[in-house]
Structures are given as C-alpha cells and as structure tokens.
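See below for the structure under consideration.
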Amino acid sequence: MSEYDYDLFVIGGGSGGVRAARIAAGYGARVAITEEHRYGGTCVIRGCVPKKFMVYAAHFAEDFHDAESYGWNVESPTFDWNLLIKNKDNEIDRLNSIYIKLLENAGATIFNGHGTVLTPNSVQVDGDTITADKILIATGGSPFIPSLSGSEHAITSNEAFYLEELPERVIVVGGGYIAVEFAGIFNGLGSKTELVYRGDQILRGFDQDIRDHLAEEIGKKGIQVLLNQTIESIELTAEGARKVTYANGETSVADQVMYATGRIPNTENLGLDTINIETGATGEILVDQYSRTNLDNIYAVGDVTDKIALTPVATMEGHCFADTQFGNTERIADHREVPSAVFSQPQVATVGLTESEAREKFTHIETYKSEFCSLKLSLTDNTERTLMKLIIDGESERVLGAHMVGAESAEILQGIAIAIRAGATKSDFDRTVGIHPSTAEEFVTMRTPVS
Ligand code: NDP
193 MSEYDYDLFV
203 IGGGSGGVRA
213 ARIAAGYGAR
223 VAITEEHRYG
233 GTCVIRGCVP
243 KKFMVYAAHF
253 AEDFHDAESY
263 GWNVESPTFD
273 WNLLIKNKDN
283 EIDRLNSIYI
293 KLLENAGATI
303 FNGHGTVLTP
313 NSVQVDGDTI
323 TADKILIATG
333 GSPFIPSLSG
343 SEHAITSNEA
353 FYLEELPERV
363 IVVGGGYIAV
373 EFAGIFNGLG
383 SKTELVYRGD
393 QILRGFDQDI
403 RDHLAEEIGK
413 KGIQVLLNQT
423 IESIELTAEG
433 ARKVTYANGE
443 TSVADQVMYA
453 TGRIPNTENL
463 GLDTINIETG
473 ATGEILVDQY
483 SRTNLDNIYA
493 VGDVTDKIAL
503 TPVATMEGHC
513 FADTQFGNTE
523 RIADHREVPS
533 AVFSQPQVAT
543 VGLTESEARE
553 KFTHIETYKS
563 EFCSLKLSLT
573 DNTERTLMKL
583 IIDGESERVL
593 GAHMVGAESA
603 EILQGIAIAI
613 RAGATKSDFD
623 RTVGIHPSTA
633 EEFVTMRTPV
643 S
C-alpha cells in the first residue's frame, strides 16, 4: 500500500490535465484532479470551442450575401447576439459536464478548488491536504493586458465571450491568433472593427506571403488594419464609450477595446516558490522532454510551460506523461511540424517551415504558389482570394512546409500535415490524384516553382 493518498494529483482540469488524469487512471493509477473554475479549461470554456461558434456565426453574414448569387432570396437577415451567447453557453455547459463524466468514468477523484503545492508530495485544496506520489501541474495561461493608462477600460477574450451586447465599434489590439480571430468575428457580426498592431505586419512568425495576403483579405472585408501603431491611453467618454489615444496623437472612439496581446502562464499562488520549482522569464514552468520539472516527481504540461500554446499539444504532452509514468511506455512529446490554424476570415492554416525559415536551414529552396478565386465564389461578387503555398527542399525534394489562406484551410492542412510528417516529397504530391473540383486539389497540381 502506497504511503500517499494518490499516485497522481493533477492541478488543472483543462485539456492537458484531464487527458493525463484519464490516461493515468486507465492504467490503474489512483488519480485525483482539481480545477478552480470549470472542467474543460481555456479551450472548452473560454477559448477554441466558443471562439469557433462565434466564427461560424460571423461567417453567416457573408454566406447570406453570397447565397443570393445562387438564386436564393434572403430577405434582410437579422442577428441576435444574446441568442448566440445563450446557445454557446448551453453547449459549453454540456461539454463541461462531459469532461466531468469522462474523469468520473476513468475513476479519478474530482476536486473543485484552487490547488497549491505544499511540499513535493502534498497539495492543498480549500483547506484539505492531499498527498500524492506524483504531482502534475496543468494550470494553463491567462490573457494579459500591458500596463497603460486606462487599461481597466479594456477587455480580453475572457470577457468578449460574455458581452451583454455586440459592440457597434470595437478596437482589437494585437496581431496574433486571438486578435485576428476576434477582429474577424466582430467584423462579420457587423461591428465597425479596427485591428491595431505594433509591428509592420500581422501574424508574426507565419509565412510572409500568408501574412500579407491575409492582411489584404481582412482589409477588403472591412477591418481597418492599423500597423506600426500602439495605444498610449484609454479614457471613458461621457457616453460610456472608450476613447483611445494612439502613440502618434491620433484618437479613435469605440464601444469596446479588446486586448489580445498574448497570454501568461498561470503560476500564481501555486506554491512553486515554497518548493523551489524553476520558472522562466514569464513565469513558465521549466520542464524537460518528459515534462519533468527540476523536482523529480513534479511535472507540468500545456500552456503553463509556455512551449506551444495549443490544445492538441497540451493533450499530447499529458498523454505522453501518463504513458511514460503509469503505462510502462516511454513517450516523448514531439513538438516538430505541429500544424495550426488561425480561424480568421478567411482562415489561415500552416504546417512546417515558412519560406524564410527554410531558406535559413537549406541551401536550395523551391516554392510553389497558387492564388485564385474559389469556384464557390466565382458566381458571386465576393472578391476573396485563396492562397496556397508549398516550400520544398530542392535537394531532397521533401515538402518542408505548406501554408494556406482560404475557406476550410484548417480542414485541408490537417491531411497535408500527415503527408509532411510522413516525409512526403514533391513528387509524392505530384502523383497524387486531385479531388475535382475542390480547392484542396491545388496542393497536388502546382507544377511550376515560383522561386
Ligand atoms: P500571440 O502570441 O499569438 O499574439 C500576441 C500579439 O500581441 C502579437 O501580435 C504581439 O506582437 C502583440 N503584443 C504582445 N505584447 C504587446 C504589447 N505590450 N503591446 C502591443 N502588442 C503586444 O498571442 P494571442 O494572445 O493571440 O494567443 C496566445 C496563444 O494562444 C497563441 O500563441 C496560440 O498559441 C494560442 N491560440 C491558438 C489559437 C488557434 O489555434 N486557432 C487561437 C487562439 C490562441 P508581436 O508579434 O510584435 O510580438
């Protein structure tokens, strides 16, 4: 009989923590888990899932318009923000209870409260002390607003999901995933939307052609993209709006100002100092390839480690941890060639190297590009253009990267990611028969390199 209450205690009931708890319990480990908000974590409760519902909602505006060119008579559709929020919340409640059921069915003991590590083998939750052989920290991250005068008048994505009304005018700050996605949501739903980014092009880190193409497309759809711009202060006006003063002295007024300027790891009040867990510059927990901290029996997975802040990466890390520690199968999370998508309008999806990354690593790079108006839109006056791009190592012929801006690009790139993981070459792509007529077939019909 173990000297501890549990074999594993997990702090944090999001994607990484729940996966680790379920898999470890499945191997017969005695597992307990605690969550201070709601089981499901950022992704399910206030991230990927509700965001995608809002992206769908926003896209209908364009769909109604495009449908007219296909003969549909769509008389002035109206939008009800409160109904969207209500239906979204109901679905989140359902998913939250599924997460709890999954844990119960796996045999994990469920706590609801803030967990603090007391010693390397004990955790406190709401006054109760629980002991465990191993502790896994999977507490995620939270949005952060840089300090500026009037920052209390700004919101983050956390609040955007629960606004009482759709803002007529909104300023979204940042140029990353969340900023670009929410600018698209607000713009699609009818808010006058400004996207304010401090750098010279949105989506830093993505392929340059993709960044330029997306900026142009979202501009065409009505988002006012302000580059090389920062906000100095935010004031409340007499009417309750937000007056923003930019660094160049110009001003703008909106009903909401939403900051999407990155997220920071949730490490406060976790007791990390008490037991001397090593953290990095932004408070992230430092771990090795097995997700182990500097203490032998304490591990961390997901956004709290600030490696790649994506749900599937957190679940992969949690699963590998559980397999290795409780399933007698040593597994290391592989952070290479992780595909991702930005659910902007149009979507961006990417896997592998960008052109500039490839040029740094390889001497002979070939790129293939295709830009076109999709068949679906050719009957309409919608001027959205799709861009697809492949990056090839000219020597080995291996496909190093695939990038796309366009409808369903996330769905398309998921399959391409399998090919790239499997080491596919350009000739493998070339001899694959396309599915016609589709947008995706363009990835197997690009024949002439552009550089
Ligand atoms: P990102 O890191 O993607 O983007 C942050 C943005 O804010 C960048 O444009 C950054 O500029 C800017 N920024 C940072 N600090 C400041 C500042 N002080 N003033 C002005 N601008 C600033 O973070 P997000 O918050 O968008 O998302 C967090 C993470 O969540 C993402 O990295 C992603 O991993 C994940 N995510 C994934 C999604 C998906 O898979 N679809 C959706 C949403 C989030 P700069 O580029 O100059 O640094």
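Each position in the sequence shown, counted from 1, maps to that position plus 192 in the numbering used here.
Cβ atoms here follow ideal geometry from the backbone N, Cα and C, with glycine treated the same way.
DSSP three-state assignment for residue i, whether helix, strand or coil
i	result
Leu200	strand
Met580	strand
Tyr560	strand
Ser425	strand
Val597	strand
Tyr491	strand
Thr301	strand
Pro338	coil
Gly376	helix
Lys413	coil
Leu418	strand
Leu310	strand
Asp480	coil
Ala330	coil
Asp392	coil
Leu358	coil
Arg211	helix
Thr234	helix
Gln316	strand
Arg613	helix
Arg590	strand
Ile347	strand
Leu545	coil
Short Cβ contact (8 angstroms threshold) for residue i with residue j
i	j	result
Ile347	Gly376	no
Val597	His306	no
Ala614	Val591	no
Ser601	Val540	yes
Ala300	Phe201	no
Glu529	Ile612	yes
Phe336	Val362	no
Glu390	Thr422	Inspection of the sequence shows that residue 390 is occupied by Arg rather than by Glu. Their beta carbons are under 8 angstroms apart, which means Arg390 touches Thr422 by this criterion.
Ser483	Val493	yes
Ile490	Ile469	yes
Glu373	Leu418	no
Ala250	Gln537	yes
Gly475	Ala330	no
Gly220	Gly510	no
Ser341	Ser444	no
Ile467	Val309	yes
Leu358	Gly382	yes
Cys235	Gly206	yes
Val534	Met450	no
Ile327	Val315	yes
Lys568	Lys581	no
Ala212	Ala599	no
Ile225	Leu295	yes
Closer than 7 angstroms: residue i CB and nearest the ligand NDP heavy atom
i	result
Pro338	yes
Arg396	yes
Leu502	yes
Val365	yes
Ile215	no
Ile237	no
Ala346	no
Ser588	no
Glu386	no
Arg623	no
Ile604	no
Thr656	Absent from the structure is residue 656, since the part of the chain shown begins at 193 and ends at 643.
Ser453	The residue you asked about is not Ser; residue 453 is Thr in the sequence shown. Yes, the ligand NDP has a heavy atom inside 7 angstroms of this Cβ.
Val534	yes
Gly411	no
Ala371	yes
Pro335	yes
Cys565	no
Gly544	no
Gly208	no
Arg211	no
Thr575	no
Thr474	no
Arg390	yes
Residue i at chain B interface by Cβ criterion, 8 angstroms
i	result
Ala433	Structure shown: chain B not included; a single protein chain is present.
Checklist entry - In chain order, which continuous runs of the alpha helix (DSSP H) of length 4 or greater are located wholly inside the stretch 483-535? => result 503-518
Checklist entry - Can you give, in chain order, each stretch of the beta strand (DSSP E) that sits fully within the stretch 437-467 and has at least 3 residues? => result 443-446, 448-451, 455-457
Checklist entry - Residue ranges of each alpha helix (DSSP H) run of no fewer than 4 residues wholly in the stretch 215-268, ordered along the chain? => result 233-238, 240-260
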